[in-house]
Every structure is written in C-alpha cells, then in structure tokens.
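Residue numbers (the working numbering), protein chains in the order written: chain G, 37 to 283; chain R, 488 to 751.
The next block holds one structure in the form of structure tokens; read it before the comments.
Here's what the structure looks like:
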C-alpha cells in the first residue's frame, strides 16, 4: 500500500524531479552468496528448505545464515544468491509491512501481492543494469489457495508446484518433479519432509558450495513456521573405494 | 459580509465554516438523485438522470453511474465535468494498485484516495472544490459488500443505505424506516460484518419504492433512470449496469411499491 499520496493542485505540487544518487553503480558479480533453495506444494501448504551457509567464494564463511524468512503471516520467502542484496530486499519488505500496519484498515498483503512487488523490483533493477543478484522462492496461502513462485535477477517469474534455485534446479528438481507433481494435494507432511531431506542430502553430496546444516520451513493455514537448524546423516564410506586422481 | 471569505477555499469564515465547500454541497443538492442500498447478496445503485431528450443516445450515454474497477461501481451527483475528472483519476489509481499488487484494490482504500484528493482542493492551491458527491458500491474479499458515500469536503462514511442529490433527506428518512437490518457480531479480529436481513430482491424493491417518492416525474421510466447492481458470481464480484429494457423489467416487477401517478 502506498503511503497516503494524492494529487495536489499543480500550483502547489510540481512533479518530482529525478533524484541524484551520486556515482552510477552497476552490480557485476555477487560476493557473499547462498546456494540452492528448494520448495514444493504439499497437502497442508508449502514446504521449503535452504542450508545455513553463506559462502565467500569458495570459503564457507557464515555457517548460521537464515535464508528463509516470513513476510507477514501467510508468506514464506527463500533466497539464494548475494546476501547483501537479500538484506536490501528484507529492508524494503519491512517498510512495505510497516505501511500495511500504519494503514490499519484490516487489509493484509496476500502472497500474490508480495510476489508481484518483488517481481517488479527485480525487473526494474535489471532494466537499470544494476540487478539484485538473487533468486527468490515465494510461497504461501492466499485464501486457502496454495501459491508457489520464483523470481530471479533478470526478473523472470514463473509459478509451479515444485521450485528449485541454483544447483537445486539440476539435482533436486528431477526428484521433486517425479515425487510431487500431480500429488500436491495428497502428500502428507511426513512424506514431504522425507522428500525434502532426500533432495538436500543429494545437494550436500554434490554441490561444492553447500553445507550439511539446513533449515526447513512450512506455510499452512496456521501460519509460517521456520525450523531450527538440523543436520542430515551422510555416508562417505564410498570415498575409500574410489581409484584414480591420487591414491 | 460572508462574501469576503468566499473566494478562497483556504480561508475559514469567522464562524469557522468553509463556505466554498458548503456551496459545493448546495450545488449537489440540486443534482439528480442517486440511491444505494446494501443487501447481504449485493448492492443496488439507482440514479435519476436530469438530462433527458429524445435525441440522446441513451445506450452510450453514461451520466450518473460509472464502473471504477472490476469490483467497484459508483454513482455521482453534482457537476458532471468534475465527476468525470474524479472518475478518471480513480480508475487510474485502481489500475496502478492492480499493477503493483496483482490484487484488486480494497474498496475503502480507493474511496480514501479519492477523498484525500478532494480534501486537498479544500486546503491548498486556491482552487475550488470538486462539486461532486459519490456513492461507491464495491466488494472485496476482506469486508465483502460495502457502500461508501463521499462529499466535496473529502469526508467519507460507510452506509447500509444512502442517498445523495435532490430530495436526499426525504429519501434518507424513508430508507431509515424501511431498511430491514439486524446487527450481528461476528467473532474474530478485524471483522466488521454487519448482518443485513435484506436480500437483493428486498433491496431492489426498496430502491424502486424510494425512487418513486423522490423523483418528480409522474411515472418512473427507463428514460429517466440509470440502474446498476454489484453481486457475486462464482466468488467474484460482478457489476451489472442495466440497459433500458432491463430497467423497464425491474420497474414492472416492483410496480406494486411504486406510487401510482394519481395518488401523488
């Protein structure tokens, strides 16, 4: 919701001149980054997961990062890519929520609206040649309807029953498509968690910028719940049987 | 004496009045009546046209009732040209909201933006206020059907039944008498539901009844009227602006409540 804005007579209010931002800046590469986010629809709503790592190139720098956040009471946001750009988006969404609170008219921003706002910001930044170097996964329940969408640094958007960013698109998406597609309204929570963990395990084995510590989140009619970090069990004994490239 | 304080809207009179705003409202009280009635299944808006001529191309001529949005329809009373500007502004405001939030604009927010603009013209710029009052009938998913009345001062309020334009006080008292209403408190935060006992049928009937008592002509006809309803179809708001044939059908259906010409 806009702050209260109205068109004053032209004798009083001139159209706004474009502000001077100082030197022009263009993002050229991400610095501190998060890897895949995966999400899918299940019986009670949306389930999403992301690991707790923010890498500094090949250094596993920040190992307790939150890459999942709630927006209001009905929307869940997952992010991969540059973390400072994510923090900027967090501030923007925070002021959006503050405006909603100030409006105090009983209306709440639905998931669809949050999705549209983020999409507009992302595309406008790309058009200026100064993108927010992220891929967002936005999920939630709008009047009982499950919604799950994706926006990236180009401003490309799409909605699907299963979404995965980064490496997840290569490694997890095939698993998600096989196991979730067509069964979004039947998948129980237990099975959903199991699918999620399986995908995150594969990602930990094969994505060199991932971490074994992850968070899981769900949106249901009861609201948004983001879990505490937990570890997945992995088995590396196969490594001993590898021959070639060393002893 | 009052003349010295008239010409600039930014000035209060010694008695604390804004004469320009009051004169604007005076202009509206000579304009064609618009009536709105809220029912639990929808809202009825009816208006009396003042420009009538056999030469008017009625099907293309919207004088009183305009669609603002997919979920809001409004009836205007007052200066037609002023009304047109405000209608255009509101339509643009509603579309900008849709573009930004991919969701239809909540009715009250649209009304509020419109009223903030009208208020600006009573305080800044030395320009005269808009000589228009609105009856906005709309639906949104949070509060359901709502009917708002707004005036040149920029005030707005929500009504179960309201009337603006000529004979509005007469109409208002009849509406007050005849409106079937039962307040029901619904549990939950931010729910201001008012349980109306009126059905759409009741609302149409009441509207015809009130119209017949406030309009000066001997017999109500589709030539003199504009009619619209907003209801829900498949869970989505549906605005129906009636054609003259449809208006005639409505008048025929409720002719029992329409005061016959002889007993006027």
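Yeah, the Cβ is synthetic: ideal placement off N, Cα and C, and Gly gets one too.
Quick caveat: nothing in here was measured; it's all calculated off a predicted structure.
Can you give me the Cβ contacts of residue 249 of chain G inside the same chain, cut-off strictly under 7 Å, excluding the 5 residues immediately before and after it?
For the purposes of this step, residue 249 of chain G is identified with residue 213 of the first chain, where counting begins at 1. Cβ neighbours of residue 249 of chain G beyond the five flanking positions: 87, 88, 99, 265 and 267.
In the segment 76-148 of chain G, which residue ranges form an unbroken beta strand (DSSP E) of at least 3 residues, counting only runs that do not cross its ends?
Fully enclosed beta strand (DSSP E) runs of no fewer than 3 residues occupy 81-87, 90-92, 95-98, 104-107 and 111-118 of the segment 76-148 of chain G, in order along the chain.
Does chain R have any CB closer than 7 Å to the CB of residue 149 of chain G?
Here residue 149 of chain G refers to the residue found at position 113 of the first chain. Yes, residue 149 of chain G counts as interfacial toward chain R.
Is the number of C-beta pairs between the segment 275-282 of chain G and the segment 611-620 of chain R that are closer than 8 Å three or more?
No, because fewer than three Cβ pairs between the segment 275-282 of chain G and the segment 611-620 of chain R fall closer than 8 Å, the two stretches do not touch.
Taking a cut of 8 Å between CB atoms, which residues from the segment 152-171 of chain G lie near chain R?
Here the close residues are 152, 153 and 156.
What residue range is occupied by the uninterrupted beta strand (DSSP E) comprising residue 553 of chain R?
Here the question's residue 553 of chain R lines up with position 66 in the second chain. Run containing residue 553 of chain R: 552-554, per the beta strand (DSSP E) assignment.
Within 8 Å, do at least three Cβ pairs link the segment 559-576 of chain R to the segment 618-631 of chain R?
At 8 Å Cβ cutoff, the stretches touch.
Need the endpoints of the beta strand (DSSP E) that residue 773 of chain R sits in, please.
Outside the shown range of chain R (488 to 751) lies residue 773 of chain R, about which nothing can therefore be said.
Can you name the residues of chain R whose CB is closer than 8 Å to the CB of residue 179 of chain G?
On the first chain, position 143 is the one that residue 179 of chain G refers to. Those within 8 Å of residue 179 of chain G in chain R are 628.
For residue 92 of chain G, count neighbouring C-beta atoms within 10 Å of its own C-beta (all shown protein chains included) and say buried if the count is 16 or more, exposed if not.
Locating residue 92 of chain G in the first chain gives position 56, counting from the first residue. Label assigned to residue 92 of chain G: exposed.
Would you say residue 593 of chain R faces chain G, with C-beta separation under 7 Å as the test?
Reading the second chain from its first residue, position 106 is the one you call residue 593 of chain R. Cβ-Cβ to chain G under 7 Å: yes for residue 593 of chain R.
Please say whether residue 718 of chain R and residue 524 of chain R have beta carbons closer to each other than 7 Å?
The residue given as residue 524 of chain R occupies position 37 in the second chain. The residue given as residue 718 of chain R occupies position 231 in the second chain. Between residue 524 of chain R and residue 718 of chain R, the C-beta gap is not smaller than 7 Å, which leaves the two residues out of contact.
Let's test the definition: count the other Cβ atoms within 10 Å of the Cβ of residue 272 of chain G and tell me whether it reaches 16, buried, or not, exposed.
Working through the first chain from its first residue, we reach residue 272 of chain G at position 236. By the 10 Å Cβ count, residue 272 of chain G comes out exposed.
Check for me: the alpha helix (DSSP H) holding residue 506 of chain R runs from which residue to which?
Here residue 506 of chain R is taken as the residue at index 19 of the second chain, counted from 1. Counting along the chain, the alpha helix (DSSP H) containing residue 506 of chain R begins and ends at 506-515.
If we call anything under 7 Å between Cβ atoms a contact, is residue 252 of chain G one with residue 90 of chain G?
For this step, residue 252 of chain G is matched to residue 216 along the first chain. For this step, residue 90 of chain G is matched to residue 54 along the first chain. No. Outside cutoff.
Within 7 Å, strictly: CB atoms of residue 535 of chain R and residue 700 of chain R
To locate residue 535 of chain R, count along the second chain from 1; it is residue 48. To locate residue 700 of chain R, count along the second chain from 1; it is residue 213. No, Cβ-Cβ distance for residue 535 of chain R and residue 700 of chain R is not below 7 Å.
Proximal residues to residue 169 of chain G (C-beta, below 7 Å), its chain only, five neighbours per side dropped
As a working mapping, residue 169 of chain G is identified with position 133 in the first chain. Result list for residue 169 of chain G: 63, 66, 117, 118, 121 and 189, in chain order.
Which class does residue 40 of chain G belong to by DSSP, given the choice of helix, strand or coil?
Here residue 40 of chain G corresponds to residue number 4 of the first chain, with the count starting at 1. At residue 40 of chain G the pLDDT is 47, less than 50, meaning the model places this residue with poor confidence and gives no usable figure here.
Determine the closest residue to residue 553 of chain R out of R:691, R:605, R:656 and R:573, with distance taken between C-alpha atoms.
Stepping through the second chain from its first residue, residue 553 of chain R is reached at position 66. Checked all of R:691, R:605, R:656 and R:573; the closest Cα to residue 553 of chain R is R:573.
Tell me, please, whether the CB atom of residue 233 of chain G is closer than 7 Å to any CB atom in chain R?
Residue numbering aside, residue 233 of chain G sits at position 197 when the first chain is read from its first letter. Between residue 233 of chain G and chain R, the shortest Cβ-Cβ separation is not below 7 Å.
Taking residue 114 of chain G as the query, report the chain R residues whose CB atoms sit under 9 Å from its CB, ordered along the chain.
Position 78 of the first chain, counted from the start, is the residue given in the question as residue 114 of chain G. For the C-beta of residue 114 of chain G, not a single chain R residue is nearer than 9 Å; the gap to the nearest is close to 20 Å.
Classify residue 745 of chain R as helix, strand or coil using the three-state DSSP reduction.
Mapped onto the second chain, residue 745 of chain R falls at position 258. It is coil, neither helix nor strand.
Which same chain residues, not among the five before or five after residue 684 of chain R, have their C-beta less than 8 Å away from its C-beta?
In the second chain, counting from the first residue as 1, residue 684 of chain R sits at position 197. Closer than 8 Å at Cβ, skipping near neighbours: 527, 667, 668 and 669.
Could you tell me the boundaries of the beta strand (DSSP E) in which residue 665 of chain R lies?
Working through the second chain from its first residue, we reach residue 665 of chain R at position 178. Careful: residue 665 of chain R lies outside any beta strand (DSSP E), inside the alpha helix (DSSP H) at 655-665.
Residue 629 of chain R to residue 158 of chain G span [Cα, whole Å]:
If you number the second chain from 1, residue 629 of chain R lands on position 142. If you number the first chain from 1, residue 158 of chain G lands on position 122. Whole-angstrom Cα-Cα distance: 29 Å.
Counting only beta-carbon separations shorter than 7 Å, does residue 590 of chain R have a partner in chain G?
Numbered from 1 along the second chain, position 103 holds the residue referred to as residue 590 of chain R. Under the Cβ criterion of 7 Å, residue 590 of chain R is counted among the residues facing chain G.
Please state whether the Cβ-Cβ distance between residue 82 of chain G and residue 229 of chain G is less than 7 Å.
Within the first chain, numbered from 1, the residue matching residue 82 of chain G stands at position 46. Within the first chain, numbered from 1, the residue matching residue 229 of chain G stands at position 193. When the beta-carbon positions are compared, residue 82 of chain G and residue 229 of chain G stay at least 7 Å from each other.
Can we say the segment 625-641 of chain R touches the segment 595-606 of chain R, given the rule of at least three CB pairs closer than 8 Å?
Segments in contact, yes.
Identify the continuous alpha helix (DSSP H) that holds residue 687 of chain R and give its terminal residues.
In the second chain, residue 687 of chain R corresponds to position 200, counting from 1. First-last of the alpha helix (DSSP H) with residue 687 of chain R: 687-701.
Fully enclosed by the segment 518-551 of chain R, which beta strand (DSSP E) runs are 3 residues long or longer?
Correct list: 521-526 and 529-535.
Given a limit of 8 Å on CB to CB distance, which residues of the segment 702-735 of chain R reach chain G?
Those residues of the segment 702-735 of chain R that come within reach of chain G (Cβ to Cβ, closer than 8 Å) do not exist; the list is empty.
Under 7 Å by beta carbon: chain R residues contacting residue 146 of chain G:
The sequence position of residue 146 of chain G within the first chain is 110, counting from 1. Those are 590, listed as they occur along chain R.
Return helix, strand or coil for residue 70 of chain G, following the three-state DSSP convention.
Within the first chain, the letter at position 34 stands for residue 70 of chain G. In the three-state scheme derived from DSSP, where H, G and I count as helix and E and B as strand, residue 70 of chain G is classed as strand.
Between which two residues does the beta strand (DSSP E) containing residue 616 of chain R stretch?
Position 129 of the second chain, counting from 1, holds the residue named residue 616 of chain R. Here residue 616 of chain R belongs to no beta strand (DSSP E), and DSSP marks it neither H nor E.
Run the CB neighbour count on residue 224 of chain G, radius 10 Å, all protein chains shown included, and call it buried at 16 or more, exposed below.
Taking the first chain and counting its residues from 1, one reaches residue 224 of chain G at position 188. Residue 224 of chain G should be labelled exposed.
Per DSSP, what kind of secondary structure is residue 163 of chain G in: helix, strand or coil?
Mapped onto the first chain, residue 163 of chain G falls at position 127. Per DSSP, reduced to three states, the secondary structure at residue 163 of chain G is helical.
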